[in-house]
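Reading through the structure tokens given below for one structure.
Number of protein chains: 2
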Amino acid sequence: MGKEKKLVEAITSMEEDFAQWYTDVVKKAELIDYSSIKGCMILKPDGYAIWENIQKELDGRFKETGVENVYMPLFIPESLLNKEKDHVEGFAPEVAWVTHGGTNPLQERLCVRPTSETLFCDFYSNLIQSYRDLPKLYNQWCSVVRWEKETRPFLRSREFLWQEGHTAHATAEEAKERTLQMLHVYADFCEETLAIPVVRGKKTDKEKFAGAEATYTIEALMHDGKALQSGTSHNFGDGFAKAFDIQYTDRDNQLKYVHQTSWGMTTRLIGAIIMVHGDDSGLALPPAIAPTQVMVIPIQQHKEGVLEKAQSVRQTLAEQGIRVKLDDSEKSPGWKFSEQEMRGIPIRVEIGPKDIAAGQCVLVRRDTREKTTVSIDGLGQTIKTLLDAIQSDMYARAKAHRDAHIYDAHDYEEFTEIVQNKPGFIRGMWCGGQACEDKIKEDFAATARCMPFDDQERIAKTCVCCKKPAHKLIYWGKAY
Amino acid sequence: MGKEKKLVEAITSMEEDFAQWYTDVVKKAELIDYSSIKGCMILKPDGYAIWENIQKELDGRFKETGVENVYMPLFIPESLLNKEKDHVEGFAPEVAWVTHGGTNPLQERLCVRPTSETLFCDFYSNLIQSYRDLPKLYNQWCSVVRWEKETRPFLRSREFLWQEGHTAHATAEEAKERTLQMLHVYADFCEETLAIPVVRGKKTDKEKFAGAEATYTIEALMHDGKALQSGTSHNFGDGFAKAFDIQYTDRDNQLKYVHQTSWGMTTRLIGAIIMVHGDDSGLALPPAIAPTQVMVIPIQQHKEGVLEKAQSVRQTLAEQGIRVKLDDSEKSPGWKFSEQEMRGIPIRVEIGPKDIAAGQCVLVRRDTREKTTVSIDGLGQTIKTLLDAIQSDMYARAKAHRDAHIYDAHDYEEFTEIVQNKPGFIRGMWCGGQACEDKIKEDFAATARCMPFDDQERIAKTCVCCKKPAHKLIYWGKAY
Numbered sequence: 064m065g066k067e068k069k070l071v072e073a074i075t076s077m078e079e080d081f082a083q084w085y086t087d088v089v090k091k092a093e094l095i096d097y098s099s100i101k102g103c104m105i106l107k108p109d110g111y112a113i114w115e116n117i118q119k120e121l122d123g124r125f126k127e128t129g130v131e132n133v134y135m136p137l138f139i140p141e142s143l144l145n146k147e148k149d150h151v152e153g154f155a156p157e158v159a160w161v162t163h164g165g166t167n168p169l170q171e172r173l174c175v176r177p178t179s180e181t182l183f184c185d186f187y188s189n190l191i192q193s194y195r196d197l198p199k200l201y202n203q204w205c206s207v208v209r210w211e212k213e214t215r216p217f218l219r220s221r222e223f224l225w226q227e228g229h230t231a232h233a234t235a236e237e238a239k240e241r242t243l244q245m246l247h248v249y250a251d252f253c254e255e256t257l258a259i260p261v262v263r264g265k266k267t268d269k270e271k272f273a274g275a276e277a278t279y280t281i282e283a284l285m286h287d288g289k290a291l292q293s294g295t296s297h298n299f300g301d302g303f304a305k306a307f308d309i310q311y312t313d314r315d316n317q318l319k320y321v322h323q324t325s326w327g328m329t330t331r332l333i334g335a336i337i338m339v340h341g342d343d344s345g346l347a348l349p350p351a352i353a354p355t356q357v358m359v360i361p362i363q364q365h366k367e368g369v370l371e372k373a374q375s376v377r378q379t380l381a382e383q384g385i386r387v388k389l390d391d392s393e394k395s396p397g398w399k400f401s402e403q404e405m406r407g408i409p410i411r412v413e414i415g416p417k418d419i420a421a422g423q424c425v426l427v428r429r430d431t432r433e434k435t436t437v438s439i440d441g442l443g444q445t446i447k448t449l450l451d452a453i454q455s456d457m458y459a460r461a462k463a464h465r466d467a468h469i470y471d472a473h474d475y476e477e478f479t480e481i482v483q484n485k486p487g488f489i490r491g492m493w494c495g496g497q498a499c500e501d502k503i504k505e506d507f508a509a510t511a512r513c514m515p516f517d518d519q520e521r522i523a524k525t526c527v528c529c530k531k532p533a534h535k536l537i538y539w540g541k542a543y
Numbered sequence: 064m065g066k067e068k069k070l071v072e073a074i075t076s077m078e079e080d081f082a083q084w085y086t087d088v089v090k091k092a093e094l095i096d097y098s099s100i101k102g103c104m105i106l107k108p109d110g111y112a113i114w115e116n117i118q119k120e121l122d123g124r125f126k127e128t129g130v131e132n133v134y135m136p137l138f139i140p141e142s143l144l145n146k147e148k149d150h151v152e153g154f155a156p157e158v159a160w161v162t163h164g165g166t167n168p169l170q171e172r173l174c175v176r177p178t179s180e181t182l183f184c185d186f187y188s189n190l191i192q193s194y195r196d197l198p199k200l201y202n203q204w205c206s207v208v209r210w211e212k213e214t215r216p217f218l219r220s221r222e223f224l225w226q227e228g229h230t231a232h233a234t235a236e237e238a239k240e241r242t243l244q245m246l247h248v249y250a251d252f253c254e255e256t257l258a259i260p261v262v263r264g265k266k267t268d269k270e271k272f273a274g275a276e277a278t279y280t281i282e283a284l285m286h287d288g289k290a291l292q293s294g295t296s297h298n299f300g301d302g303f304a305k306a307f308d309i310q311y312t313d314r315d316n317q318l319k320y321v322h323q324t325s326w327g328m329t330t331r332l333i334g335a336i337i338m339v340h341g342d343d344s345g346l347a348l349p350p351a352i353a354p355t356q357v358m359v360i361p362i363q364q365h366k367e368g369v370l371e372k373a374q375s376v377r378q379t380l381a382e383q384g385i386r387v388k389l390d391d392s393e394k395s396p397g398w399k400f401s402e403q404e405m406r407g408i409p410i411r412v413e414i415g416p417k418d419i420a421a422g423q424c425v426l427v428r429r430d431t432r433e434k435t436t437v438s439i440d441g442l443g444q445t446i447k448t449l450l451d452a453i454q455s456d457m458y459a460r461a462k463a464h465r466d467a468h469i470y471d472a473h474d475y476e477e478f479t480e481i482v483q484n485k486p487g488f489i490r491g492m493w494c495g496g497q498a499c500e501d502k503i504k505e506d507f508a509a510t511a512r513c514m515p516f517d518d519q520e521r522i523a524k525t526c527v528c529c530k531k532p533a534h535k536l537i538y539w540g541k542a543y
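Line order of the protein sequences matches chains A and B. Using this note's numbering, the first residue of the first sequence is number 64, and each one after it goes up by one. Using this note's numbering, the first residue of the second sequence is number 64, and each one after it goes up by one.
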């Protein structure tokens, strides 16, 4: 075989070893490759195309709320990073430092941005003068670097792609509204576009962002019962404004500090898609985000007219705005089927001589494997309807799985039993003390994922950990 | 005024001081702001939106030729950068070095990518096994860093945004074809979308890319008669393949080296737009790339019905796919006009009580200042026609200006006279010797911009510099 490509190999089963299954899928579905720098991955065409679709959809949702895109420098001078105390303590231990430009040592070290609050604040302190300059609703799409020790593709890498929104407002009220508005944009995007149900809520002080007054989060549940923080939105109040002197002259001619927010989503969402929708055949992509929605696979393609018909089907579907490809390679149909399944393409169209004679073709859903024979006439509409059904069925199944893995714990014994045996979210009351969070983390490596907005049912009167009076319901879980 | 915003200030005239005019425009048209890191700029909403439009249009043109997007790491290990000798010599003096991750020194220094040939080669050496894996046609959109000493917004900055395409092919012939194909994609894009005429040609060996076998270029002429290299496409032959051991098994079962290309365009194009189309009122954007194509400005907006009508005009135009905004701020119409002109918005719509009574409005072209009174009925179509006319007129004017600034030099005396007195391209024959290039650079700071494809007219039989026999026509010029 020389340096020939190897055959598609089976992937590890999810039940056997979920972590290995995940690693197999990211590689074999050709989403990423490893680079020669530990913890930095290469996004291959399918992986990057999913990110492009995420970008396009999210960016449109941002712009509808008045957000504008900008681009800030990659580097942050050390003195600028140091301006806000909590922020620098949170990030300095994990930044990459540039010390030389060409052969010359720099006068001041520059860190490669781990996030750009400090750059935006420096920018805003010059840009904002008057109440007429507010609000500022800026976002950027870029990569950031955090020098993590343990890395996993998409979930935790030393460099990752993301967007970071940074807004400045005249009042505390407006900043809080924007923080929540963007959290709901994120949540709706996850549910509608990625078919991933999320819990919307607020982080505890222990879990909030370095320098924030409050952090809001959306938390998704992976197939293995672990939580994944999928997007966060931070209300900074006027803390950064005071550290960076961002003041404006109000209508009453008084100088006032602005109130700020920031919010971000990352390529980690691709990890969520894999772990929510994937199965033992590989990736399964929601149609709204799939780079290829339909793969046309000819059967007996050397027989007269088969390839021509397959090409014309592909062409017709493409003209109707469906993202469709034709696999006319020399591989066997069986091989093509498993490649299409591995790559998570939502629908395959099988078309052979008999189908053509009958004016039909076979549609196979990636999510359920369900096969239907349908007429080639009106195929575009049939497929659009089926793509919509797949999208909503994938959401419904993910939600049913998530809901079936939420457990209530009324005391520590019950909590222990659940956390050790039933992967999922655990609803438990909390006294508000960090000692309880610390204990639960120490005992079980579980954390307070969030205090949900919609669901503050008081399932008990006392803290699940210390038995002191408790008023807050928490979703606890083990997290990526 | 407290910290109130200052009035719009006049910009320096182009004729008086072109460099200062340029700096004034980039700031006052709100394209960029300076950051606290020397040589790194902030792209503000209008500056970034122009880049987004460039991206969208170019990306579509790439994908039509089969190109796929990927994303490679930001960092290059020093040992990887060192693998191709000419390449490392070209770039090592101007890279930024990361030496620490958090508090720990790194085992090996990492450079922040100045370009990603070495990363793509490393990737391809693992990815490409068989002739069936070829060609690979990958591109990425990212930022790169080059630690330049002298910097100017868009034209030369320490960090800039760009795309870099990297392809691998089975044969030398295919690689050459792709190199030229992408150069023509760039040239067509500049002429059709940016309304900037370019000279297409080949670089001399002295001017080619570090590590390339041949570099092709498109050269544009700025308003001040200086050249701007606007896009380059490199044929690497199998030089990088040999350095990085990128081999494939061909149909004949022999191991062969691939042949590679790379090609890039950057945010420097925004500098070209400014310096080709701008004037003493500021920026002038070609409609195809303008973030806002039309600004609606109400006159006497407090009179009954004016603002409502202006809003409905904006709405109607937006629904027809025109990028339109309404300036309903409290500023005077005169102020709004000069802001719209400064920002280069191609058309303004003036609409006041008398216009409304007559069912009319006034259109003013940014490029020519021409005013026409037109019916509000069918305004969308009128404006679309006018946008097309502006686009082609801007190209025609830029081409006439460029053509009027191309001079022929038959000997060194004539060359000297032109280069010292007539800013523009100088056509002159060249013997092929680097000594002549060096002398011209030393004497006049002029360089061989390219050997044009279309125009190899032999305007003399001897080299414009040394009088030896010469067969190559060169476009010489002073360049940014």
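Glycine is no exception: its CB is placed at the ideal position from the N, C-alpha and C atoms. Treat the numbers as computed from the prediction; the structure is a model and nothing was measured.
- In the DSSP annotation of this structure, the continuous segment of the alpha helix (DSSP H) that includes Y85(B) starts and ends at 81-91.
- Closest in alpha carbon position to A373(B), among R490(B), N167(B), A335(B), I439(B), is I439(B).
- In the three-state reduction of the DSSP assignment, Q323(A) falls in the strand class, which pools E and B.
- The shortest C-alpha to C-alpha distance from A233(A) to any of R219(A), D308(A), Y320(A) is the one to Y320(A).
- When CB distances to chain A are screened at a threshold of 7 Å, not a single residue of the region 256-285 of chain B falls below it.
- For Y320(A), not one C-beta of chain B is nearer than 8 Å to its own C-beta.
- Judged by DSSP in its simplified three-state form, I191(A) adopts coil rather than helix or strand.
- The beta-bridge partner set that DSSP reports for L426(B) consists of V412(B), T435(B).
- A residue is called buried when at least 16 other Cβ atoms come within 10 angstroms of its Cβ; Q83(B) does not meet this threshold and is exposed.
- Where W204(B) is concerned, the enclosing beta strand (DSSP E) starts and stops at 199-208.
- For N116(A), the uninterrupted alpha helix (DSSP H) segment begins and ends at 108-127.
- By the C-beta density criterion, D185(A) is buried, having at least 16 other C-beta atoms within 10 angstroms.
- Per DSSP, the unbroken alpha helix (DSSP H) holding R465(A) starts and ends at 442-466.
- Residue pairing by DSSP places G397(A) in no beta bridge whatsoever.
- Taken atom to atom, the span from the alpha-carbon of P416(A) to that of P260(B) is near 53 Å.
- Using a CB distance cut-off of 8 Å, V527(B) does not count as an interface residue toward chain A.
- For L332(B), no beta strand (DSSP E) run applies; the uninterrupted alpha helix (DSSP H) run containing it begins and ends at 331-340, by DSSP.
- In the DSSP annotation of this structure, the continuous segment of the alpha helix (DSSP H) that includes L370(B) starts and ends at 369-382.
- For a cut-off of 8 Å, the C-beta gap from A347(A) to R429(A) is around 5 Å, short enough to register as a contact.
- Rounded to whole angstroms, the separation of the alpha carbons of Y311(A) and L318(A) is 5 Å.
- Under the three-state reduction of DSSP output, P156(A) falls in the helix class.
- Chain-order list of chain B residues neighbouring W225(A): empty, with the shortest C-beta distance near 12 Å, by a criterion of under 8 Å.
- Residue range 235-255 is occupied by the alpha helix (DSSP H) that includes D251(A), with no beta strand (DSSP E) assigned at that position.
- Going by DSSP, Y475(B) is part of the alpha helix (DSSP H) stretching over 475-484.
- Taking C-beta atoms as the reference points, C528(A) and K504(A) fail to come closer than 8 Å.
- Within the same chain, V527, C528 come within 7 Å of Y475(B) by CB-CB distance, once the 5 residues on both sides are set aside.
- In the three-state reduction of the DSSP assignment, C184(B) falls in the helix class, which pools H, G and I.
- For H286(B), the secondary structure class from DSSP, reduced to helix, strand or coil, is coil.
- With respect to L332(A), I117(A) sits close: the two C-beta atoms are nearer than 8 Å.
- In the DSSP assignment, L536(B) falls within the beta strand (DSSP E) that extends over 535-540.
- For the 8 Å CB-CB criterion, E270(A) and G300(A) do not form a contact.
- If you ignore the 5 residues before and after A472(B), its C-beta comes within less than 6 Å of the C-beta of F478, I481, I489, G491, V527, all in its own chain and listed in chain order.
- In the three-state reduction of the DSSP assignment, G274(A) falls in the coil class.
- Taking 8 Å as the threshold, the shortest C-beta distance from T166(A) to chain B falls below it.
- The contact set of N132(A) on chain B, defined by CB atoms closer than 8 Å, consists of P108, Y111, A112, E115 in chain order.
- Assignment of beta-bridge partners to Y543(A) by DSSP yields no partner.
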